[in-house]
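The structure under discussion appears below in the form of structure tokens.
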Ligand code: PNS
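In this note's numbering, the protein residues as written are 38 to 205.
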């Protein structure tokens, strides 16, 4: 009998910072595929709120709470590269993205089509958890900056780091 190929997926993004919405999609991708690579893709010319090391640590720390998910997931950062090239190098067959609604679909569809055009890389969309539909990295940052409470929408360590970074 021939050896079964590993089904490897990628969940790419800026993750500046990771939210519970991202973590939901990562966990669901890990249930569907043998291995998931969380790819933190960043533009070296653009400063984010958190460094790449901090973003990786937030994802890894959050995953530690669910060892069965963490066992199938690894987190890596890539700068200044096309997603399709990273996926080819890592033998990733599919990109998994969460969709919170129509606005996400309008943003994601051209990228999915472009990636398919470039190398045939497919994208699978998962419907976002409705209880997290309003959660995005940019919105939680804005809310925290002006004194709002986003506990429960991001991991506790991310919440603490947001308060520390954006309110001082
Ligand atoms: O979290 P984001 O900002 O929605 O993530 C977007 C990201 C990083 C996944 C996208 O911009 C990307 O794939 N960048 C890598 C460069 C690339 O391949 N660009 C062409 C996409 S068709």
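For every residue, glycine included, the Cβ atom is placed at its ideal position computed from N, Cα and C.
Note that the coordinates shown come from a computational prediction; the quantities given were computed from them, not determined experimentally.
> Which same chain residues, not among the five before or five after residue 99, have their C-beta less than 8 Å away from its C-beta?
Replying inline: Leaving aside the five residues that flank residue 99 on each side, the residues in its chain whose CB is nearer than 8 Å to its CB run, in chain order, 55, 60, 192, 194, 195.
> For ligand 1, is there a heavy atom less than 8 Å away from the beta-carbon of residue 54?
Replying inline: Outside the cutoff, so no.
> If we count the other Cβ atoms within 10 Å of its Cβ and call it buried at 16 or more, is residue 178 buried or exposed?
Replying inline: Buried: at least 16 other Cβ atoms inside 10 Å.
> DSSP state of residue 198, grouped into three classes?
Replying inline: Residue state, collapsed to three classes: helix.
> Who's in the neighbourhood of ligand 1, going by beta-carbon under 5 Å from any heavy atom, listed in chain order?
Replying inline: Counting every residue whose Cβ lies closer than 5 Å to a heavy atom of ligand 1, we get 49, 50, 51, 78, 119, 120, 148, 151.
> Straight-line CA distance for residue 168 to residue 112?
Replying inline: Approximately 25 Å between the Cα atoms of the pair.
>> Give me the DSSP bridge partner(s) of residue 114.
In response: Residue pairing by DSSP places residue 114 opposite 77 in a beta bridge.
>> Please report the straight-line C-alpha distance between residue 182 and residue 88, rounded to a whole angstrom.
In response: So the alpha carbons of these two residues sit roughly 18 Å apart.
> Leaving out the 5 sequence neighbours to the left and right, which residues in its chain are closer than 8 Å to residue 46 when beta-carbon positions are compared?
Replying inline: Here the set comprises 66, 69, 70, 72, 73, 74, 129, 130, 131, 132, 133, 161.
> Hey, out of 44, 41, 58, whose CA is closest to residue 166's CA?
Replying inline: Here the closest residue by C-alpha is 58.
>> For a quick check, are the C-beta atoms of residue 115 and residue 52 less than 9 Å apart?
In response: Residue 52 is positioned such that its CB atom lies no closer than 9 Å to that of residue 115.
>> Taking its Cβ as the centre, do 16 or more other Cβ atoms sit within 10 Å of residue 152, making it buried, or is it exposed?
In response: So residue 152 ends up on the buried side.
> residue 62 and residue 135 look like a contact to me (Cβ under 8 Å); what is the Cβ gap, rounded to whole Å?
Replying inline: Right, their Cβ atoms sit about 4 Å apart.
>> Taking only three categories from DSSP, how would you classify residue 162?
In response: Looking at residue 162 - three-state DSSP - the assignment turns out to be strand.
> In whole angstroms, what is the alpha-carbon distance linking residue 104 and residue 147?
Replying inline: Spanning the two alpha carbons is a distance of roughly 34 Å.
> How many Å lie between residue 202 and residue 110 at the Cα?
Replying inline: Within the model, the alpha-carbon separation for residue 202 versus residue 110 is close to 28 Å.
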